[in-house]
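Please read the structure below before turning to the comments.
Number of protein chains: 4
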Amino acid sequence: MLYLKHSPASTIKQLKQSFNLTFIFRKATKHVVINNHSSGLNPVVKHRMKKLIIDVDAGVDDAIAIMMALSTPDVEVLGITCCYGNTSVENVLRNVLRVLKVCDRLDIPVYRGCSKPLVDHENHADNFFGSDGFGDVPDPHAPSLDLVQQKKAKQAIVDLVNANDKEVILISTAPLMNLAAAVQLDPSLPKKLKALYIMGGTIEARGNITICGEFNFVCDPEAAYIVLDCYTCPTYIATWEFTCWNCLPWSFCDTWLSVHTEKSDFVEKILRISRQVRCEQKHQEFNPCDAYAMAAAINDAVIPKSEEVAVTVELQGIYTRGMMVLDRDEKLKKEHKVFIMKNVDLEKFKEMLINAV
Amino acid sequence: MLYLKHSPASTIKQLKQSFNLTFIFRKATKHVVINNHSSGLNPVVKHRMKKLIIDVDAGVDDAIAIMMALSTPDVEVLGITCCYGNTSVENVLRNVLRVLKVCDRLDIPVYRGCSKPLVDHENHADNFFGSDGFGDVPDPHAPSLDLVQQKKAKQAIVDLVNANDKEVILISTAPLMNLAAAVQLDPSLPKKLKALYIMGGTIEARGNITICGEFNFVCDPEAAYIVLDCYTCPTYIATWEFTCWNCLPWSFCDTWLSVHTEKSDFVEKILRISRQVRCEQKHQEFNPCDAYAMAAAINDAVIPKSEEVAVTVELQGIYTRGMMVLDRDEKLKKEHKVFIMKNVDLEKFKEMLINAV
Amino acid sequence: MLYLKHSPASTIKQLKQSFNLTFIFRKATKHVVINNHSSGLNPVVKHRMKKLIIDVDAGVDDAIAIMMALSTPDVEVLGITCCYGNTSVENVLRNVLRVLKVCDRLDIPVYRGCSKPLVDHENHADNFFGSDGFGDVPDPHAPSLDLVQQKKAKQAIVDLVNANDKEVILISTAPLMNLAAAVQLDPSLPKKLKALYIMGGTIEARGNITICGEFNFVCDPEAAYIVLDCYTCPTYIATWEFTCWNCLPWSFCDTWLSVHTEKSDFVEKILRISRQVRCEQKHQEFNPCDAYAMAAAINDAVIPKSEEVAVTVELQGIYTRGMMVLDRDEKLKKEHKVFIMKNVDLEKFKEMLINAV
Amino acid sequence: MLYLKHSPASTIKQLKQSFNLTFIFRKATKHVVINNHSSGLNPVVKHRMKKLIIDVDAGVDDAIAIMMALSTPDVEVLGITCCYGNTSVENVLRNVLRVLKVCDRLDIPVYRGCSKPLVDHENHADNFFGSDGFGDVPDPHAPSLDLVQQKKAKQAIVDLVNANDKEVILISTAPLMNLAAAVQLDPSLPKKLKALYIMGGTIEARGNITICGEFNFVCDPEAAYIVLDCYTCPTYIATWEFTCWNCLPWSFCDTWLSVHTEKSDFVEKILRISRQVRCEQKHQEFNPCDAYAMAAAINDAVIPKSEEVAVTVELQGIYTRGMMVLDRDEKLKKEHKVFIMKNVDLEKFKEMLINAV
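Written out as structure tokens, the structure reads:
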């Protein structure tokens, strides 16, 4: 039942070599990127880049995920779509623009998506990351919402995917309402995607926002149901428990953010409230949930082990509404299966975090 | 969150010594038991015995659990209560009498309990152990149902517990309808129990009879809810996943049942169908589920590790009705917590199985 | 689909005559009843009496229903069973004893029943009739709870019905937990009943305590489900809407209670709070709900029209948990059908109320 | 709570006069309409016309509703949107084109909408109107699906409403998936509508497709929930029970279709199967459900009595999923209320049916 990616010793060696090469390459291209925002890369290089659409409800961990993507040389971010989740969609848009500003990448188009769940009207926002979703450290010079695109998120997803058939990797680190809306707009969308990466759901019914349910799924269970039902492209899920199993000690954070770049200071600032709360709750570890999904999307090798299984979402239930359901015995006769991430190569992951700031 | 029973080295040594003593003692008393059925033991010894009420829906694994109890010298079985589950309550009564006959213990009172769930009318019986729950190898000389007590199961539980205040260990390896009925008859029942052991429920939402639900709980979710809600005595649960993690290879079975005693031959016979089915399904292992709960009830040391947590049962849900819910973050504010078994001392467990036949 | 009780003119004439006779008889026997509590009646008369068990959660309207029964000469009340509902079971017991004291009938045995729902723990008590369920006008000389029988309600129901095979009419004007418990104690109970009368449920999904649910059913939906499923005796249901359609103007109350007997003054006193609340809510009418079920139980002719239909109870649902479900198109293939009351002979009903005080 | 439209005698007289005038006017304009399809009307007249978008899952009663709209002189049908329901969306498109052909109105744009429910995948299609939804009397000369617009239904609804701000009456006689999709596309849509008319839902929990649920709502409960939640324009609902209360005798059908026009013959033909089935089931009456909603949309005076109440849809429940919930006691604190139709002026309605063919 467990799916272990084939990696004979020789391949691994090659991988390591290519990794080093990539690493050097990245350092070299970084300068170019800063100045030219990928446009200066020659066509061949561009063609080989990973094209990402990032769907967020930023949120500090969404921010880290975005920064991780922007710091990776072979990644091109086609657009960022925003929806309600950790905070209102307005806050999410503002937060994303702040991240892009810090990264000097305001050229990336940002799209407004859903401001409420598909069906449900319960408000699950818990201000975990502060009332603005970003640690309540407002920036008086934050970019204006005028920078937000006119086109709506779901239309943008459809258009970007259609313009880049079979090339786009879609990553959602948010409630799945924008993705549900997009597939309703264009039912053929999934088959044009290269892959879908999701942070959300539970693998063992250990929830965070409810007893059995994870925040992103519980926020819009119908959207999660639709996405897991309709997106038949290769799908990779970083569940809540998976991220918990792979938390980092707060001491890593201290080191990580001690470089005092503009980016690391920004992360340190927006992270402060939630870190404090977590420490008061005796959580000894730092869980940048969304970043695991992003790391996996950027670099397969970060996730050496996955489980392939059909999944769905419980839509009813007192304790279980929004819980991801893993159909290991194939009782649902569902053809499409997803990859549930099991293991992280923590060294690779930490390196990606380090590069992100 | 994990609860590790204190067992400093010295204690363990003592335990081992006492275990050996017990073992010798058992061998010695065995003959006595056969002839006198515990009545010949002197009062001091009797007082120190573990008093058990066993609630079953036998079922082959229930049978093994009963045989395990009967083979343990410091255990006195006060009665066996039967209910619908693996098969009809009539079959269960007949099966239990057959077990008692093979063990030459027809002196133990057997009680008829519920023939259907408290509320639900769905039939979940899946004939896993054959249509009679006992491998479809009927015994023409099976004891008559006339041997079944007139008193009903729930009344028997109440009376036996009241007659043995704080001494009775109740073990249920069946849907929990008899226990739910008993606590409705006498709400003060739980506080007069020494402990409750249950085989049932899931710990990670990996079900057997449904995607997320285990057979005993799904068979009567309301009963399971009531029992987990009202039985505030020390409660120990052997979940489905826990038994799966601690399965034995079929090769163990071969050795185990090669002794060719009357009892081992009986087990071999009633186990045949389900073993065949399991092997066809490529299940390489033998899971005598109910026996884990029984082993734990008889000997604490079999379960070195448990998790203490408040639990309840999902009563609604499309995929999750009957699923056990673990409230690790205390969102339910439930005072009573149960012990979810985590680890088995497999050597001890195997020895108990060996002694059982 | 509508069931009109056969009443050819000649029969009606006979009925009227018998009614007049009864009426005279009642007046005549009243004195006897007061002094002898039915024990003085000769065996022939006693044999023809209607034997009632009344299950209540009194509640002012339960009180009126009890008084109605006690004022009817051909009715013998075998016992009154109490359960949680309008107020705690302790209050209900106390309230029933107060009613019996006012009626000088403390000889009637009163039994303690369930203090909480079968499964659910939601508290629906809404203090509609005051915090003690009886208008918050405590009586310093109220009878002591020592008068309550030792035997529990469910056992009493079983024993009384078994002692009066096919003669007992069971009336429940409360959440159905005692009846559910009784049938679990003795599954053959329903076939030994003459009839069952229930105040509860909805016919058109117009609830009172919830949007779609009526108080007695919502208080313990599982109990209601069990009762409608297992009580296959002739069953008559006075639903919430039915009682609303047949409300009486408050002006009737003024006249009704102006007789200033001990009983009418008692009713006036305990009714005061809820009347005030109702009037403030612009409810122009007096709805003695439970009394409709009682009137029907005592005198068929009060309900000239019923609908015969299979029913069950919705156990799930956000808005509909506890709602009675009428299966008019026989989709459930349920053999047993109940009679849903449709029409009241209001003149007869009013006369019964008048006689009650 | 009941809403009675003001209609003093004098007004009624005026209405009748205007009605006669209209009638004459209609006869006069009919010829024009046939030849010019409304385009020949002078601007003043056109401005006063009722602009309709009709959303259907045709279905014979949808067909009658469309024909009713097309036969009304002051009505302009801006477009017809189709979705899955009585039959597949392909069949619905074909059926609508057949209706338009018979009415010589193939100029009206027809749009393809949803082919499956928003969330649910249960198939409720029951072939009540035959396997093609149109009596299984295929027309070899049926118009080609090439006539269907490229634009999708939801986009068409949004565009047509935006182009006719505050003028469009939207009528849905289908599962509400197209309307739910449209409001997700443009959340401001409802406030730009003049009114919304719906055939669907229950008022008293008397369902048709399920015990408590009506076909259109049960087919897509989430869509119904979204529409009742988001469409805050004046909303009028013809429930299932309402249409049942106002059925017509089959004898009316005989007379109605005896005119033997092309249109009446068409209706007679596609109605044959379902009439036969209904008669076998002893249903003595003809229920052109969707036509009631259409009649109300075209002519207020057809519905003299409505109830104004907040409504929602039960999304969970075993028996009640998809049931419309009427919040008469305002427990939901929902500001927007809808008009539940109560009475029909059957004479007016019959006249509209007669004119339709």
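So the sequences go chain by chain: Y, A, E and R.
Numbering that gives the first Met the number 0 puts the first residue of the first sequence at 0, with every later residue one more than the last.
Numbering that gives the first Met the number 0 puts the first residue of the second sequence at 0, with every later residue one more than the last.
Numbering that gives the first Met the number 0 puts the first residue of the third sequence at 0, with every later residue one more than the last.
Numbering that gives the first Met the number 0 puts the first residue of the fourth sequence at 0, with every later residue one more than the last.
Using N, Cα and C, we set each Cβ at its ideal position, and we do this for glycine too.
Identity of the residues DSSP links to residue i by a beta bridge
i	result
Thr80 (chain R)	R:Asp54 and R:Tyr110
Met48 (chain E)	Answer is none; Met48 (chain E) lacks a bridge partner.
Tyr196 (chain E)	E:Ile170 and E:Tyr235
Thr311 (chain E)	E:Val324
Leu247 (chain Y)	Y:Phe285
Glu75 (chain R)	R:Lys50
Val337 (chain R)	R:Val308
Lys151 (chain E)	E:Arg111
Contact with chain Y by residue i, beta-carbon distance below 8 angstroms
i	result
Ala180 (chain R)	yes
Gly199 (chain A)	no
Val337 (chain A)	no
Glu240 (chain R)	no
Cys246 (chain A)	no
Pairwise C-alpha distance: residue j and residue i
i	j	result
Met67 (chain A)	Leu352 (chain A)	6 angstroms
Met340 (chain R)	Pro248 (chain R)	21 angstroms
Pro72 (chain Y)	Lys262 (chain Y)	17 angstroms
Val312 (chain R)	Ile317 (chain E)	10 angstroms
Ile107 (chain Y)	Val356 (chain R)	59 angstroms
Ile359 (chain A)	Glu267 (chain Y)	Not covered by the structure: residue 359 (chain A). The range shown for chain A is 0 to 356.
Gln183 (chain R)	Tyr230 (chain A)	49 angstroms
His282 (chain E)	Ser87 (chain Y)	43 angstroms
Phe128 (chain E)	Asp56 (chain A)	47 angstroms
Ser38 (chain A)	Gln315 (chain E)	Its pLDDT being 43, under 50, Ser38 (chain A) is placed unreliably in this model, and the coordinates cannot settle the point.
Thr300 (chain R)	Trp255 (chain R)	Looking at the sequence provided, one finds Ala at residue 300 (chain R) rather than Thr. Spanning the two alpha carbons is a distance of roughly 22 angstroms.
Trp244 (chain E)	Ser130 (chain R)	43 angstroms
Cys278 (chain A)	Asp253 (chain A)	14 angstroms
Ile236 (chain Y)	Gly212 (chain Y)	15 angstroms
is_contact[residue i, chain A] using C-beta, thresh 8 angstroms
i	result
Gly357 (chain Y)	Nothing about residue 357 (chain Y) can be reported from this structure: the residues present for chain Y run from 0 to 356 only.
Glu334 (chain E)	no
Ala204 (chain Y)	yes
Contact with chain R by residue i, beta-carbon distance below 8 angstroms
i	result
Val118 (chain Y)	yes
Tyr291 (chain Y)	no
Thr172 (chain E)	no
Ile361 (chain E)	As displayed, chain E neither begins before 0 nor continues past 356, which places residue 361 (chain E) out of reach and without an answer.
Met340 (chain E)	no
Glu221 (chain E)	no
For residue j and residue i, believed in contact at Cβ under 8 angstroms, the rounded distance
i	j	result
Ile210 (chain A)	Val226 (chain Y)	19 angstroms between Cβ atoms; not a contact.
Gly321 (chain A)	Ala223 (chain A)	7 angstroms
Leu105 (chain A)	Val76 (chain A)	In fact, because the Cβ distance is near 12 angstroms, the residues do not count as touching under 8 angstroms.
Pro137 (chain Y)	Cys218 (chain Y)	Their Cβ separation, rounded to whole angstroms, is 24 angstroms, which puts Pro137 (chain Y) and Cys218 (chain Y) out of contact at 8 angstroms.
Ile272 (chain E)	Asp135 (chain E)	6 angstroms
Asp289 (chain E)	Met198 (chain E)	5 angstroms
Lys193 (chain Y)	Ile168 (chain Y)	5 angstroms
Val157 (chain E)	Ala173 (chain E)	With a Cβ gap of about 17 angstroms, Val157 (chain E) and Ala173 (chain E) do not count as contacting.
Interface flag, residue i vs chain E, CB-CB below 8 angstroms
i	result
Tyr224 (chain A)	yes
Lys304 (chain R)	no
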